[in-house]
DNA sequence: TAGGGTCATGTCACCGGTGACAGTATGGGT
DNA sequence: ACCCATACTGTCACCGGTGACATGACCCTA
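Residue numbers (my numbering), protein chains in the order written: chain A, 31 to 386; chain B, 31 to 386.
Right, dumping it as structure tokens:
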């Protein structure tokens with residue numbers, strides 16, 4: 031490997047001069063500059079970033095810890111983070127925790143050992159200590175999507191509760207009475223918030239959530255599928271449903287297909303998280319879109335402000351969601367003979383007009 | 031920052047002993063082991079991976095260069111690579127080239143300077159030199175999805191030509207005569223291969239591709255949309271179409287919706303690349319699925335074999351695609367009055383039975 | 001012309017581990 | 001009593017840049 035000393039020897043100057051030429055900082059005579067550049071060219075010298083990291087104490091790396099980088103939402107966050115990072119001469123190290131606190135902990139430790147300059151994380155753990163370690167090392171941390179309020183680090187979130195409340199309001203206005211929700215593990219802040227929005231909407235309309243209509247299951251497609259199957263088996267069966275994220279929505283849709291339940295006529299559906307294809311699904315799915323790319327970019331902005339020395343203890347940035355009304359919501363059918371009619375596919379059922 | 035020397039001082043041993051205890055290798059008395067461990071605990075010592083990288087010449091990093099990490103296909107590749115990498119104590123550095131050769135070149139240079147231990151890349155450039163640089167530095171390179179045959183590095187690909195040929199065969203068997211393709215930039219190996227499969231199928235059936243029925247446009251949703259618009263304007267209009275990747279498919283579908291062209295009756299559609307949601311689109315999209323996760327994992331396997339000293343010059347691994355027959359393909363309508371009938375939505379049209 | 005300032009360049013300790021090598025102690029064999 | 005193997009522990013140069021500091025040349029001014 032050709033190092034700065036080789037270049038120095040080859041161009042008959044000191045290493046300091048080579049460094050000065052390369053950095054462009056400082057006074058070096060034209061003559062030497064030429065010689066150094068020539069040597070660099072000839073030897074194919076590339077400065078070793080590892081060595082530089084060691085002396086300067088900066089790796090120009092930011093670690094990203096998310097549940098799953100292959101989830102389109104997090105992939106989009108990653109892209110936003112990456113674009114912003116590259117502008118600052120940084121690169122992104124990825125880590126998927128798989129919603130496994132041990133795996134997450136290992137990732138955080140590994141990133142700590144690698145002395146990444148900052149960590150952007152969608153936490154799985156509920157233990158503040160696991161992330162507090164980084165702060166004690168003065169490694170800036172930025173939360174994305176959900177945060178641990180006990181940890182004094184900035185967070186980029188969305189208005190989870192409010193978005194769900196508005197979605198449920200919409201369904202209630204369409205005339206729905208029994209609205210279900212497929213949520214995630216309750217110790218997740220996002221799940222708690224979205225459930226809170228769900229409850230708030232119910233409260234505002236002086237109604238109570240029926241038993242079994244709030245599903246808090248495992249995340250992932252199969253979890254969504256299982257939850258929807260359960261919802262379809264409850265009596266009274268809900269006429270509408272809000273799901274927690276894109277994967278659960280896909281699972282829920284799959285279950286609906288398999289049970290031949292018509293959307294939106296027998297079941298209205300709203301997805302938290304939008305996917306481009308939701309617009310092309312049958313029927314197009316009404317969704318609460320999160321600005322994933324912007325969330326990643328905003329997290330990067332916070333990271334770099336902190337790296338610039340700005341003290342940002344626990345500022346929370348709420349980015350707006352976008353409620354994208356599509357065809358998966360309609361007024362509920364009011365069946366003459368309750369359950370059986372609904373299952374028969376709409377015969378003997380009358381559409382109830384929405385409240386005004 | 032607490033270093034190995036601090037631990038050594040604190041436990042009154044030498045740095046070598048600390049290292050030996052931590053590495054678990056070698057003979058250290060129980061007494062000292064206990065003291066060292068206690069000091070490590072007390073000081074919260076974490077070995078600095080940067081320093082280790084410098085001395086050992088290994089960063090335990092693998093760089094991943096893809097067009098866009100937020101494309102679900104590449105995100106899935108990344109996940110496959112990551113999972114395998116983590117098993118080996120490695121982490122993944124991501125870089126999105128945006129199909130921009132300059133950006134790609136910068137990424138490769140940056141990864142080179144960081145002395146990543148290996149690079150996995152879906153190349154955008156056609157210039158072998160840009161990647162040859164890495165090889166001269168003895169940095170293992172593995173191509174994924176497409177490769178530069180002039181560069182002596184292993185590649186993980188799919189049977190592009192064959193998959194498209196089979197897809198087109200399927201359409202021809204359904205009775206289609208004018209089948210279009212929306213492909214990508216022709217200097218991409220994948221595009222060239224898939225187009226070759228397209229041509230091969232035509233050749234096998236002694237037919238010629240009609241003018242305008244082979245679209246090679248810009249990748250991305252809007253490119254697919256534009257290409258499909260053009261296809262819809264050609265006369266005779268194709269009755270079926272194969273699109274190059276998931277984004278082009280989404281664009282094509284969007285254009286079809288907007289023109290109110292019924293799929294599959296007026297236009298059958300096959301997508302190269304599958305997405306979970308394609309199964310739930312109206313109609314479910316027949317797709318050629320690539321084993322993205324496995325491709326990433328396989329690339330990792332090659333990387334680690336090379337890092338273990340194995341010489342793998344240009345072995346090409348072809349992973350099988352999976353042809354997922356769904357509802358977006360049907361026999362073509364044969365209209366009595368050509369164009370106008372087709373646009374009117376199927377009136378006056380007769381379904382032609384497939385060839386046997 | 002001595003003193004001070006500026007510019008150009010060189011020297012070298014240091015960042016934090018690593019591992020080759022050296023040194024010391026202990027015990028067993030003869 | 002001596003030799004040597006073995007077990008344990010310490011020293012230090014090195015990885016490749018960096019930057020504080022030193023050095024030397026030159027010019028200007030009092």
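Even for Gly, the Cβ is constructed at its ideal location relative to N, Cα and C.
Environment of residue i [buried if 16+ CB atoms lie within 10 Å]
{"i": "residue 214 of chain B", "result": "buried"}
{"i": "residue 355 of chain B", "result": "exposed"}
{"i": "residue 338 of chain B", "result": "exposed"}
{"i": "residue 198 of chain B", "result": "buried"}
{"i": "residue 343 of chain B", "result": "exposed"}
{"i": "residue 276 of chain A", "result": "buried"}
{"i": "residue 296 of chain A", "result": "buried"}
{"i": "residue 43 of chain B", "result": "buried"}
{"i": "residue 176 of chain B", "result": "buried"}
{"i": "residue 59 of chain A", "result": "exposed"}
{"i": "residue 160 of chain A", "result": "buried"}
{"i": "residue 279 of chain A", "result": "buried"}
{"i": "residue 180 of chain B", "result": "exposed"}
CB contact check: residue i to chain A, cutoff 8 Å
{"i": "residue 354 of chain B", "result": "no"}
{"i": "residue 125 of chain B", "result": "yes"}
{"i": "residue 109 of chain B", "result": "yes"}
{"i": "residue 170 of chain B", "result": "no"}
{"i": "residue 105 of chain B", "result": "yes"}
{"i": "residue 78 of chain B", "result": "yes"}
{"i": "residue 312 of chain B", "result": "yes"}
{"i": "residue 321 of chain B", "result": "no"}
{"i": "residue 83 of chain B", "result": "yes"}
Same chain, Cβ closer than 7 Å to residue i, neighbours up to 5 away in sequence not counted
{"i": "residue 224 of chain A", "result": "190, 191, 194, 213, 274 and 302"}
{"i": "residue 126 of chain A", "result": "96, 97, 98 and 99"}
{"i": "residue 368 of chain B", "result": "With a pLDDT of only 42 at residue 368 of chain B, under the threshold of 50, the placement of this residue in the model should not be trusted; the figure read from the coordinates follows. There are no such residues."}
{"i": "residue 37 of chain B", "result": "48, 66, 69, 70, 73 and 75"}
{"i": "residue 133 of chain A", "result": "127"}
{"i": "residue 208 of chain B", "result": "240, 243, 266, 268 and 269"}
{"i": "residue 196 of chain B", "result": "353"}
Spatial distance of residue i from residue j (CA atoms)
{"i": "residue 412 of chain B", "j": "residue 235 of chain B", "result": "With chain B running from 31 to 386 in the structure shown, residue 412 of chain B is simply not present."}
{"i": "residue 155 of chain B", "j": "residue 219 of chain B", "result": "11 Å"}
{"i": "residue 50 of chain B", "j": "residue 47 of chain A", "result": "39 Å"}
{"i": "residue 328 of chain B", "j": "residue 335 of chain B", "result": "11 Å"}
{"i": "residue 66 of chain A", "j": "residue 32 of chain A", "result": "14 Å"}
{"i": "residue 163 of chain B", "j": "residue 112 of chain A", "result": "24 Å"}
{"i": "residue 269 of chain A", "j": "residue 347 of chain A", "result": "35 Å"}
{"i": "residue 323 of chain B", "j": "residue 54 of chain A", "result": "44 Å"}
{"i": "residue 104 of chain A", "j": "residue 227 of chain B", "result": "34 Å"}
{"i": "residue 317 of chain A", "j": "residue 313 of chain B", "result": "20 Å"}
{"i": "residue 292 of chain A", "j": "residue 87 of chain A", "result": "59 Å"}
{"i": "residue 167 of chain A", "j": "residue 363 of chain A", "result": "59 Å"}
{"i": "residue 351 of chain B", "j": "residue 320 of chain B", "result": "5 Å"}
{"i": "residue 110 of chain B", "j": "residue 283 of chain A", "result": "26 Å"}
{"i": "residue 165 of chain B", "j": "residue 57 of chain B", "result": "40 Å"}
Inter-residue CB distance, residue i and residue j (contact presumed, cutoff 8 Å)
{"i": "residue 115 of chain A", "j": "residue 122 of chain A", "result": "5 Å"}
{"i": "residue 178 of chain A", "j": "residue 153 of chain A", "result": "6 Å"}
{"i": "residue 307 of chain A", "j": "residue 52 of chain B", "result": "The Cβ separation is near 50 Å, so there is no contact."}
{"i": "residue 144 of chain B", "j": "residue 221 of chain A", "result": "In fact, because the Cβ distance is near 38 Å, the residues do not count as touching under 8 Å."}
Any C-beta of chain B under 8 Å from that of residue i
{"i": "residue 333 of chain A", "result": "no"}
{"i": "residue 121 of chain A", "result": "yes"}
{"i": "residue 296 of chain A", "result": "no"}
{"i": "residue 278 of chain A", "result": "no"}
{"i": "residue 53 of chain A", "result": "no"}
{"i": "residue 358 of chain A", "result": "no"}
{"i": "residue 151 of chain A", "result": "no"}
{"i": "residue 306 of chain A", "result": "yes"}
{"i": "residue 89 of chain A", "result": "yes"}
{"i": "residue 99 of chain A", "result": "yes"}
{"i": "residue 102 of chain A", "result": "yes"}
Nonlocal neighbours in the same chain, by C-beta distance under 6 Å from residue i, ignoring five residues either side
{"i": "residue 331 of chain A", "result": "none"}
{"i": "residue 124 of chain B", "result": "94 and 99"}
{"i": "residue 210 of chain A", "result": "243, 261, 268 and 271"}
{"i": "residue 232 of chain A", "result": "239"}
Close-in-space but distant-in-sequence residues of the same chain around residue i (CB under 8 Å, 5 per side omitted)
{"i": "residue 40 of chain A", "result": "69, 72 and 73"}
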